[in-house]
């Protein structure tokens, strides 16, 4: 019974995905179809058009195996051995440095904004 | 999509290697045993040692890859479950994530341009802080290389996972919201895995940051690329 449940919900999620892809294609939206499907599902849940319990276990199943789904793509690195044996190896420290900057910026801004708001609340 | 014996073999092999590495990771909890990293290393070694072309592997590998799109859609459920937390802290969350995504993309472009990398590689590095399925999609839409983008996503993830906590301490980012948003925005799922070690609040913040930065990144990616090409 549980298996049928998950299977039906997977079909529903795929439906949202395909709808997103179709909209992207039709209106030429500069966003991946999967993100459009994500936004559609979020709005549908939020407006209670689509109930959470009709999609919860299917989503849980998909997300539990999320990392499996991108392994075939990461294996694609075998085609770029040459890049990383040359100048391309520099891309690794570049990505690391840029990651630090993103971490510092997002952490500081959110922490500062949260503190500023808490202080404002205290005063009023 | 062709139904060949080789395709079935590589699809089954991928799942088997994943389940094995996942089991080892859950058992020994060593960062280096991360299932994505370990599976990628094992499968790549098999291809290289067996002299198997990537295209042959992908006959089966692409079957598994088709689940990526629906999996991105499924991310709406954890975000929906966090909606109260999100709306209660909307401004700090959105401003932090937006700044982080913008700084990450701008610095990625700047550094790669500084070392005179090709436009294709610049566009491949661009979405590195986004969660893998979205980063691959963004890279491919912009004219980068999706599989290589996935590699840089892993580098960003490991950077946040391994050095993140030390770095955050050094920067005096010590609130739950600051830590969670920083880890999720810069290091997606790996950062969120690390946030889990701080506690529930950090984890929620980080998963919200991971999801929203993917959406914002997908929106900002084309803008950043357009600015770059001016």
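Chains as they are written, first to last, in this note's numbering: chain A, 8 to 131; chain B, 3 to 232. Ideal Cβ positions, reconstructed from N, Cα and C, are used throughout, including at glycine.
Enclosing alpha helix (DSSP H) for residue i [first to last residue]
i	result
residue 64(A)	63 to 71
residue 101(A)	98 to 130
residue 57(B)	56 to 67
residue 31(A)	9 to 34
residue 143(B)	134 to 144
residue 89(A)	88 to 92
residue 190(B)	178 to 197
residue 168(B)	148 to 172
residue 219(B)	202 to 230
residue 115(B)	92 to 116
residue 126(B)	121 to 127
residue 38(A)	Segment: none, residue 38(A) is in no alpha helix (DSSP H) and carries neither H nor E.
residue 79(B)	78 to 83
Closer than 8 Å to chain A by CB, residue i
i	result
residue 109(B)	yes
residue 196(B)	no
residue 32(B)	no
residue 202(B)	no
residue 153(B)	yes
residue 64(B)	yes
residue 56(B)	yes
residue 208(B)	no
residue 205(B)	no
residue 212(B)	no
residue 139(B)	yes
residue 90(B)	no
residue 16(B)	yes
residue 192(B)	no
Buried or exposed by the 16-neighbour rule on C-beta atoms within 10 Å, applied to residue i
i	result
residue 8(A)	exposed
residue 166(B)	buried
residue 201(B)	exposed
residue 31(A)	buried
residue 61(B)	buried
residue 92(A)	exposed
residue 36(B)	buried
residue 115(A)	buried
residue 122(B)	exposed
residue 190(B)	buried
residue 205(B)	buried
residue 215(B)	buried
residue 44(A)	buried
residue 5(B)	exposed
residue 147(B)	buried
residue 243(B)	Since the displayed chain B opens at 3 and closes at 232, residue 243(B) lies outside it and no answer follows.
residue 139(B)	buried
residue 11(A)	exposed
residue 16(A)	buried
residue 52(B)	exposed
residue 72(B)	buried
residue 7(B)	exposed
Neighbour flag for residue i against chain B, beta carbons, 8 Å
i	result
residue 8(A)	no
residue 32(A)	no
residue 29(A)	no
residue 86(A)	yes
residue 105(A)	yes
residue 57(A)	no
residue 97(A)	yes
residue 92(A)	no
residue 75(A)	yes
residue 127(A)	no
residue 124(A)	yes
residue 15(A)	no
residue 54(A)	no
residue 42(A)	yes
residue 131(A)	no
residue 61(A)	no
residue 36(A)	no
residue 11(A)	no
The ligand FMN heavy atom lying under 7 Å from the CB of residue i
i	result
residue 119(B)	You won't find the ligand FMN in this model; it holds no ligand whatsoever.
Cutoff 8 Å: residue i Cβ touching any chain C Cβ
i	result
residue 226(B)	The structure shown contains no chain C; its protein chains are A and B.
Complete runs of the alpha helix (DSSP H) confined to the stretch 25 to 51 of chain B [at least 4 residues]: Those alpha helix (DSSP H) runs which fall completely within the stretch 25 to 51 of chain B and span 4+ residues are 37 to 51.
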